[in-house]
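Protein chains in written order, with the numbering used here: chain A, 1 to 153; chain B, 154 to 873.
Single-structure report; data block below.
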Amino acid sequence: MMNEIEQEYLTFLLDGEEFGVDILCVQEIRVLSPITTLPNKPDYIKGVINLRGVIIPIVDLRERFAKQALKYNDQTVIVILRDQTAIKPMVVGLVVDAVSEVYKFSDKSIREAPDFGNKIDRCFIQGLASHGEKLIILLNSQTLLNQDELYHL
Amino acid sequence: MSIDLAQFLPTFLEESYEGLEIMETGLLNLQSSEDDSIHSIFRAAHSIKGGAGTFGFNQVTEFTHLVETLLDEMRDGRREILKSDIEILLQSVDCIRLLIDADHNKIVCEDESISKVESLLNESLNSSSTDTQPQNENKSEKTQTATDAQSWLINFTPQPHLVQTGNDPLFLFNALADLADLEIVCNTSELPAFSDIEPKELYLSWQIKLTSSDATEDDIKEVFEWVEDECTLEITLLTNEAISDVQEDEAVNNDTQEQSIQVQSTQPESEQSSKQELAEPLSPTAITTDTNVLTTKPQSAIMGKDKAPAAKAKPDVGSIRVGVDKVDMLINLVGELVITQSMLSELGNDFDLSKVEKLTSGLDQLLQNTKELQESVMRIRMLPISFAFNRFPRLIHDLSIKTGKQIELVIKGEQTELDKTVMEQIGDPLVHLVRNAADHGIESTEVRLANGKSEKGTISLNAYHVGGSIVIEVNDDGGGINREAVLNKAIEKGIVEPNSSLTDAQVFDLLFEPGFSTASEVTDISGRGVGMDVVKKNIQSLGGRIQVESEPGKGSCFKVNLPLTLAILDGQLVRVGTEVYIIPLITIVESLQAKAELINRVSGNMVLYRLREDNVPVLPIYQLFNLEAQCTEIENALLVVVEFDGQKVGLMVDDLLAQQQVVIKSLQDNYQQVDGISGATILGDGSVAMILDIPGMITMALKQSKIAQKTAVNHNVEVV
């Protein structure tokens with residue numbers, strides 16, 4: 001196999017940490033629009049929004065990753081993820097603190113995450129990558145876009 | 154030939170089913186009057202056969218060939234159109250349908266009805282040989298002198314562009330090989346030097362010697378029918394001397410020609426092996442087809458003479474044929490939309506306040522355009538209900554034979570349009586209703602005559618629009634429903650208390666109770682299959698309802714009321730706390746303000762509200778969905794009483810808002826099923842509102858209240 005496969009990642013901030021997702025899975029970045037709540041659902045599922053006629057669920061990634069919830073304001077953004085590979089793609093909106101950068105990482109520079117000290121389910125983490133001084137947690141877009149994983153605690 | 158035939162397969166299937174429908178309708182017409190429908194029947198059969206050959210649907214080709222031969226004789230006036238023949242042909246239509254399915258799934262259809270009809274066809278064909286017309290003598294001679302093989306010499310010289318039109322000589326030879334034994338010699342003398350070969354051109358020609366006991370010149374010509382204009386074809390019947398001539402000829406030819414294809418020897422072998430291949434690894438499918446046969450058996454018994462039901466064989470075709478006018482309309486509207494858009498963006502380029510008026514009018518236009526566009530798009534899904542009605546002439550025809558009653562079918566309003574999805578799901582319930590009408594509704598001829606009615610019973614199907622819904626009526630002019638018998642049966646079954654006074658409508662509603670059927674009525678036509686309770690369930694699941702009207706001695710009328718489309722719903726908007734929910738209007742019985750004196754609190758934290766003679770469990774939505782509501786006290790609260798399947802529940806809401814039509818959006822596309830929610834919609838302000846799943850909520854509530862309600866009923870009885 002080729003060693004130098006580079007992939008671009010969109011990074012965003014969450015409680016001071018920087019996370020990255022495969023940019024090919026990002027459909028768009030939006031300001032949060034009014035959410036309609038769903039009855040009897042866990043707190044991290046904020047509800048659904050209308051995105052140009054399609055109803056998509058909104059997940060607060062802070063709460064999903066068991067971090068302190070943040071009050072929403074007009075700066076709150078959602079990253080809309082969409083699984084490009086599936087025939088019937090699932091779409092989900094993730095509430096994040098702020099969108100940061102787009103970085104390129106080669107497969108080689110991604111290291112496996114150590115198995116301790118992290119409240120995030122390990123299945124969501126693809127690995128760690130560093131950019132200068134910063135350490136970026138890369139999320140596994142496959143599990144993020146898997147209904148059973150994302151909506152199940 | 155690199156054309157991928159598979160891409161045309163769906164079209165072929167669709168056209169074949171259409172062709173079968175044409176044949177069926179034509180055959181039924183043929184009985185009543187002699188018109189030119191025989192030609193359209195023949196054409197349909199012919200193109201099915203042609204298509205089947207192209208796609209390698211050998212079972213279909215073989216079978217249809219017989220049908221076609223019979224039709225051909227009828228068409229040419231060589232054979233009288235007999236009622237018995239039409240009956241056989243109608244059965245053949247069913248068989249072809251089965252065979253197309255079997256060939257499509259690449260299995261060998263072993264349904265016994267096929268061999269049965271096939272032998273009937275052959276019988277009928279052979280009986281024609283007694284015809285005295287000279288044209289036929291030839292043929293009959295051939296069929297009778299089966300041992301006397303005849304030889305035909307065919308010179309087939311295709312034009313170079315034959316293969317470019319999608320024809321393949323190999324198909325033709327295979328078709329010929331099905332007819333008879335072949336010896337094919339390929340003539341390569343026209344073949345140019347390798348460097349000069351144009352790959353798309355055909356340089357070969359063939360000499361075919363066909364030895365068969367029963368093939369006629371017509372049969373051979375038919376094989377070549379599709380390439381007639383693209384080749385030179387000479388067919389000569391070889392007399393004994395001629396045969397030896399040819400053999401000599403061949404001996405000479407063989408020296409110069411290297412290629413000699415013996416299709417005859419290779420073909421059966423490969424066929425056999427492919428059949429074996431199919432049979433062994435695919436044995437699970439073979440089993441499933443067996444069960445298919447089993448499951449259709451009872452119904453085919455109903456249809457009589459082992460026919461497969463017409464409705465069952467119809468596959469779910471996932472495509473719609475849309476009239477060009479509808480598409481033209483859409484294109485027009487899109488054109489207008491583009492114009493409006495460009496006008497608006499031009500306006501936006503250098504906008505100042507003086508142009509506000511222009512802007513508002515532009516926006517108005519945009520609104521108008523979008524509305525029209527939405528309506529036209531919805532109309533694409535709408536099909537005339539004749540698609541669902543088309544199967545009934547055949548059904549009535551079969552039923553009248555089966556029951557020995559004379560029944561006439563009258564169809565009205567077949568151009569009424571209905572959403573495709575609704576149409577697909579309403580078919581079976583309608584079939585059931587029509588069967589019931591024919592079996593129970595219409596009396597036997599003697600009874601009718603005794604009651605001073607015409608001996609011919611009439612079943613009429615009628616469809617029309619009322620507001621946002623469509624009404625389908627199934628009427629019969631039979632004896633009507635015996636109110637007493639129904640009531641007695643219900644009392645016997647313990648569904649109704651004795652001595653209770655019920656209105657006619659309430660009594661007739663009992664017919665839809667599960668397992669309800671008065672013993673005397675059960676026959677093999679409508680004693681089986683889906684029961685009336687299933688009919689009602691199916692209709693309800695489409696958001697519709699069914700009503701019965703009946704007059705003793707005059708007949709009954711089943712009225713099915715359906716929403717025009719499943720994509721749009723009439724809803725009542727209600728508010729609970731800060732949330733807006735939508736209750737489907739069709740489920741709402743009434744909305745009222747709760748009166749304190751009618752509230753019963755029972756154990757288990759359950760509240761019952763006394764609504765006339767009913768005890769309705771009250772279901773506070775805020776509790777069910779864990780919301781913060783304004784109004785948590787049941788006294789003076791607003792109750793929306795909804796009903797599903799006879800069970801009423803009072804939903805407690807904070808406020809009643811507008812009633813409006815909403816477009817249903819699925820939640821499950823991107824998320825999971827949510828209990829108590831059937832879907833979502835987008836309101837005028839762009840926000841999302843949930844549509845309540847009334848059946849789901851009732852089940853949720855009933856789980857909590859089962860015990861509570863029992864005690865309440867007891868309590869009430871004591872009070873009374």
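Positions of the beta carbon are idealized from the N, C-alpha and C atoms, including for glycine.
When you compare only the Cα positions, how much space is there between residue i and residue j?
| i | j | result |
| --- | --- | --- |
| B:L242 | A:L150 | 59 Å |
| A:D148 | B:F377 | 59 Å |
| B:T385 | B:L181 | 40 Å |
| B:G724 | B:A833 | 12 Å |
| A:V96 | A:P89 | 22 Å |
| B:F324 | B:F540 | 35 Å |
| A:I137 | B:A854 | 45 Å |
| B:G708 | B:T731 | 53 Å |
| B:L344 | B:D238 | 50 Å |
| B:V338 | B:L562 | 58 Å |
| B:Y762 | B:N753 | 6 Å |
| A:G93 | B:T523 | 28 Å |
| B:V220 | B:F208 | 19 Å |
| B:R588 | B:I595 | 10 Å |
| B:S282 | B:I388 | Because the pLDDT at B:S282 is just 47, under 50, the model does not fix this residue reliably, and the point stays unresolved. |
| B:D197 | B:E381 | Here the sequence assigns Ala to residue 197 of chain B, which means Asp is not the residue at that position. Roughly 20 Å separates the two Cα atoms. |
| A:K104 | B:N211 | 58 Å |
Can you tell me the Cβ-Cβ gap for residue i and residue j, rounded? I've got them flagged as a contact below 8 Å.
| i | j | result |
| --- | --- | --- |
| B:D657 | B:R636 | 7 Å |
| B:L332 | B:D372 | 6 Å |
| B:D767 | B:K801 | 6 Å |
| A:E6 | A:S106 | 5 Å |
| B:A616 | B:I549 | The pair is not a contact, with the Cβ atoms about 17 Å apart (cut-off 8 Å). |
| B:V882 | B:Y775 | Because residue 882 of chain B is not part of the residues shown, which for chain B are 154 to 873, the question remains open. |
Run down chain B in chain order and give the residues with a C-beta less than 9 Å from the C-beta of residue i.
| i | result |
| --- | --- |
| A:V92 | N823 and Y824 |
Below 8 Å on C-beta distance, what does residue i contact in chain A?
| i | result |
| --- | --- |
| B:S840 | P34, T36 and N50 |
| B:L483 | Near B:L483 there are no residues of chain A at all, since even the closest Cβ is about 18 Å away, more than 8 Å. |
| B:M685 | Result: empty, since nearest Cβ-Cβ is about 36 Å, beyond 8 Å. |
Anything in chain A within Cβ reach of residue i, meaning under 7 Å, just list it in chain order.
| i | result |
| --- | --- |
| B:V587 | Result: empty, since nearest Cβ-Cβ is about 38 Å, beyond 7 Å. |
| B:M176 | Residues of chain A passing the Cβ test: none, with the nearest at roughly 37 Å. |
| B:M853 | What B:M853 touches in chain A: nothing, since even the nearest Cβ is about 10 Å away. |
| B:M531 | What B:M531 touches in chain A: nothing, since even the nearest Cβ is about 14 Å away. |
Determine the chain A residues that contact residue i at a beta-carbon separation under 9 Å, and present them in chain order.
| i | result |
| --- | --- |
| B:L820 | L38, V48, I55 and P57 |
| B:D828 | P39 and N40 |
| B:I835 | N50, G53 and I55 |
| B:E732 | T36, T37 and P39 |
| B:N779 | P39 and N40 |
| B:M805 | Per Cβ cutoff of 9 Å: no residues; B:M805 is ~14 Å from chain A at best. |
Listing by chain order, which chain B residues have their CB less than 7 Å from the CB of residue i?
| i | result |
| --- | --- |
| A:Y151 | Q825 |
| A:Q147 | Q825 |
Under a Cβ-count criterion, where at least 16 other Cβ atoms within 10 Å of its own Cβ denotes burial, should residue i be classed as buried or exposed?
| i | result |
| --- | --- |
| B:H593 | buried |
| B:P737 | buried |
| B:F347 | exposed |
| A:Y72 | exposed |
| B:F504 | exposed |
| B:R232 | buried |
| B:G319 | exposed |
| B:I473 | exposed |
| B:P582 | buried |
| B:C710 | buried |
| B:V491 | exposed |
| A:D60 | buried |
| B:V213 | buried |
| B:I350 | exposed |
| B:K202 | buried |
For the ligand GTP, is there any heavy atom lying closer than 7 Å to the beta carbon of residue i?
| i | result |
| --- | --- |
| B:F778 | In terms of ligand content, the structure shown is empty, and the ligand GTP therefore cannot be addressed. |
Inset, instruction - Output the residue ranges of the beta strand (DSSP E) runs that lie fully inside the stretch 510-576 of chain B and measure 3 residues or longer, sorted by chain position. - result: Segments of the beta strand (DSSP E) lying fully in the stretch 510-576 of chain B: 535-537, 560-565 and 570-572.
Inset, instruction - Output the residue ranges of the beta strand (DSSP E) runs that lie fully inside the stretch 767-792 of chain B and measure 3 residues or longer, sorted by chain position. - result: Within the stretch 767-792 of chain B, the complete beta strand (DSSP E) runs of at least 3 residues are 767-773.
Inset, instruction - With a floor of 4 residues, list each alpha helix (DSSP H) that falls wholly inside the stretch 178-208 of chain B, ordered by position along the chain. - result: At a cut-off of 4 residues, the continuous stretches assigned as alpha helix (DSSP H) that sit fully inside the stretch 178-208 of chain B are 190-207.
Inset, instruction - Could you pull out every unbroken beta strand (DSSP E) segment of at least 3 residues lying fully inside the stretch 39-65 of chain A, listed in chain order? - result: Listed in chain order, the complete beta strand (DSSP E) runs (minimum 3 residues) inside the stretch 39-65 of chain A are 45-51 and 54-60.
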